[in-house]
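If you read the sequences in order, they're chains U and C.
Take the position in the first sequence, starting the count at 1, then add 1091; the result is the number in our numbering.
Take the position in the second sequence, starting the count at 1, then add 1091; the result is the number in our numbering.
Here the structure comes first, spelled out in structure tokens, and everything after it is commentary.
2 protein chains.
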Amino acid sequence: MTKVTAQLSVSMDGFYAGPRHDGDGDWLKSAESHGFFRVTRWATEAMAWRERQGFAGGRQDANSEIIAESFASAGAYVMGRRMADGGEVPWGDEPPFRAPVFVVTHRPRQKLLRQGGTSFTYVTDGVESAVAQAQAAAGGKNVAVAGGGSLVRQVLRAGLLDELELHVVPTLLGTGMRLFDADLDLDEFEAIELTPTRVVSAPDVTHIRYTVNGRAPLLLDDRGRGTS
Amino acid sequence: MTKVTAQLSVSMDGFYAGPRHDGDGDWLKSAESHGFFRVTRWATEAMAWRERQGFAGGRQDANSEIIAESFASAGAYVMGRRMADGGEVPWGDEPPFRAPVFVVTHRPRQKLLRQGGTSFTYVTDGVESAVAQAQAAAGGKNVAVAGGGSLVRQVLRAGLLDELELHVVPTLLGTGMRLFDADLDLDEFEAIELTPTRVVSAPDVTHIRYTVNGRAPLLLDDRGRGTS
């Protein structure tokens, strides 16, 4: 069955990149990129990631197995416009996805075909439509929400996310782009509940996979003399 | 050797309670308490916590063992003023600490002696002094920073924290009091680095213990053509 999944590398304080880089300067010199490189370092040092990018070397370890598994289980991707634009040059002629990618954007653009099975389809009628198109294209595999954080939150808020895997990196950045920001549209007495289904512990990252159960009210327990 | 440790229950989005309750209304009815009760539920359902509070029942499981271990390893506590004030009535004549507690506050107050080995000493000359007094009183056991979040950040920022254990609860609160807020005093190209030393996975919470390594610059890796 096709599940809608997301996975993101985050610092212990919840950032997936440093403070957002706007404007012209060199992104590579920005605080955003420095934070992003720190939280994704575990992946870029893994053999399975490096192979997909055409880089030599890397470690063959539990981290690498998790990356290989993620690539293998995804039949289609949904991606935010900013991530797709930012990746267009560095991913080159043969992007690492090897599957159809549906980019959520406001700007219409012709479908882009790349080598190795990757295509980029620009979806202008919203996140639900992008997820539905990806589900139809996934061939029974999963739809992976590739990021960024704002798209993951949109999919979660819309109740479309089945599974979330966080790669929690043992660093505190103090500032940056937060995966879980204030726009989850929850009231103060309500939460989104999940269940951890797999934890893999490596020296440089803790991988926690969750099933998303959905919204639920916050209740008191017997300390609060409410129902528990 | 006496280590300075902290442990806190947090939601996946980093909150240890709901939005801060100020003013007069009933704290138990506040969003702050509802968030706090959600993220600490795993503990209050554990036998070791309930025993210390004088409550019957509870589960004897991995969560309970972690609580028992935390109580056993702490020879003294450091606590924020707000937490100490808030706990004074519910903890009653025999608070769960059974060890000296040093409360960081601006208001001088006479030492409070309770039954079962707990005392509260009000320290008005800063967090370093409170930690030093707790170290002297800990009898070779650990100094536990009991919270709240603002005190944990102060101790971390001052470079005094050796070990941090997060009890990550599979819930998204969306809003509330964040453990890691913007006041860690890090610049944008710098992080506080940690190393995970133990991960215990339970169905309702993931316990991750970290050693605090300290501040380090954020470097680029080979994707950024910097040093890795």
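Each residue gets a CB set at the ideal place from its N, CA and C atoms; glycine is no exception.
Everything numeric in this text was worked out from a predicted model, so none of it was measured.
Inter-residue distance for F1162/U and K1094/C is about 42 Å (C-alpha atoms, whole angstroms). With respect to the 8 Å criterion, S1100/C and V1260/C are classified as neighbours on the basis of their beta carbons. With distances taken between CA atoms, G1109/C lies nearest to F1127/C out of F1127/C, V1218/C and R1248/C. Following the DSSP letters along the chain, one finds P1191/C inside the beta strand (DSSP E) bounded by residues P1191 to V1195. By the rule that beta-carbons nearer than 8 Å mark a contact, M1103/C touches chain U. The DSSP-derived three-state label of G1178/U is helix. G1148/C and S1155/C do not touch by the CB rule: their CB atoms are close to 11 Å apart, not below 8 Å. Within 10 angstroms of the beta-carbon of H1197/C lie fewer than 16 other beta-carbons, which makes it exposed.
Chain U places a beta carbon closer than 8 Å to that of S1292/C, counting this residue as a contact. In the three-state reduction of the DSSP assignment, E1185/C falls in the coil class. Contact check for V1169/U against V1222/U passes: the beta carbons are separated by less than 8 Å. If you draw a straight line from the Cα of T1266/C to the Cα of R1306/U, it is about 14 Å long.
Cβ atoms of K1232/C and A1159/C stay farther apart than 8 Å, at about 14 Å. Less than 8 Å divides the Cβ of Y1213/C from the Cβ of P1199/C. Under the 8 Å criterion on CB atoms, R1314/U is classed as interfacial with respect to chain C. Along the segment 1277-1289 of chain U, the positions whose C-beta sits under 7 Å from a C-beta of chain C are L1277, E1279, F1280, A1282, I1283, E1284, L1285, T1286 and P1287, read in chain order.
P1308/U counts as exposed, since fewer than 16 other beta carbons sit within 10 angstroms of its beta carbon. Where L1247/C is concerned, the enclosing alpha helix (DSSP H) starts and stops at G1240 to R1248. Chain C places no beta carbon closer than 8 Å to that of H1258/U, leaving this residue out of the contacts. Under DSSP, the beta-bridge partners assigned to M1170/C are V1194/C and G1238/C. Here the alpha carbons of L1285/U and D1253/U stand approximately 10 Å from one another. Counted as a single uninterrupted DSSP element, the beta strand (DSSP E) harbouring R1300/U occupies residues V1296 to P1308. Boundaries around Q1098/C are those of the beta strand (DSSP E), V1095 to S1102, since no alpha helix (DSSP H) includes it.
Beta bridge pairing from DSSP links N1233/U with A1165/U. Think of a sphere of 7 Å around the beta carbon of R1132/U: the chain C residues whose beta carbon falls inside it are D1312, in chain order. Only residues of its own chain outside the window of five on either side were considered, and among them R1269, L1270 and F1271 have a CB closer than 7 Å to the CB of G1105/C, listed in chain order.
Exclusion of the five residues before and after T1215/U leaves T1196, H1197, R1198 and P1199 as the residues of its chain whose Cβ lies within less than 8 Å of its Cβ. Taking C-beta atoms as the reference points, S1241/U and G1171/U count as a pair closer than 8 Å.
Under the three-state reduction of DSSP, E1160/U is assigned to helix. Using beta-carbon distances, G1126/C counts as an interface residue toward chain U, with a partner under 8 Å. The beta carbon of W1133/C lies closer than 6 Å to those of N1154, D1295 and V1296 in the same chain, with the five residues before and after it left out. The alpha-carbon of E1219/C is positioned some 26 Å away from that of W1182/C. Contacts with chain C at 8 Å (Cβ-Cβ) do not include Y1107/U. Below the 8 Å Cβ cutoff, chain U contributes A1273, L1277 and E1279 as neighbours of T1266/C, in chain order. Residues of the segment 1153-1172 of chain U with a Cβ closer than 8 Å to any Cβ of chain C: none. G1114/U and S1121/U have their C-alpha atoms some 11 Å from each other.
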